[in-house]
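*Asks:* All residue numbers for the sequence shown refer to the working numbering, where the first residue is 1 and numbers rise by one. By construction, the Cβ of each residue, glycine as well, lies at the ideal position given by its N, Cα and C atoms. My structure is below; once you've seen it, I'll send some questions.
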Amino acid sequence: MIKDKIRVGTLVLAILLVGMALIPAVSAQKEDNYSVTAEKAFEHANAQMIQFITTNMEGVGNWTE
1 MIKDKIRVGT LVLAILLVGM ALIPAVSAQK EDNYSVTAEK AFEHANAQMI
51 QFITTNMEGV GNWTE
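Okay, here's the thing in structure tokens:
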């Protein structure tokens, strides 16, 4: 009786794990359009540079004090 419950539990767990692995792969869509406008690229570059400067230089974040 206990062995049957363990087997059923193991089977359910295996099915859940397989489902978790396959569902994202099946629902994923192929992306073939990677075009970005120059304005959007410039926006992202500026955001990255500002974040890099403020986190890697001491005292820049609190320059008004």
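With DSSP collapsed to three states, give me the class of I39.
*Replies:* As a working note, residue 39 is residue 39 in the sequence shown. Residue 39 is actually Glu in this sequence, not Ile. If DSSP states are grouped into helix, strand and coil, E39 belongs with the helices.
*Asks:* From I15 to K3, what distance separates their C-alpha atoms?
*Replies:* Taking the sequence shown and counting its residues from 1, one reaches residue 15 at position 15. Taking the sequence shown and counting its residues from 1, one reaches residue 3 at position 3. Computed Cα separation, rounded: 18 Å.
*Asks:* Note down, in chain order, each residue of its chain lying with its Cβ closer than 8 Å to the Cβ of I50, except the 5 sequence neighbours on either side.
*Replies:* Working through the sequence shown from its first residue, we reach residue 50 at position 50. Cβ within range, chain order: n/a, list empty.
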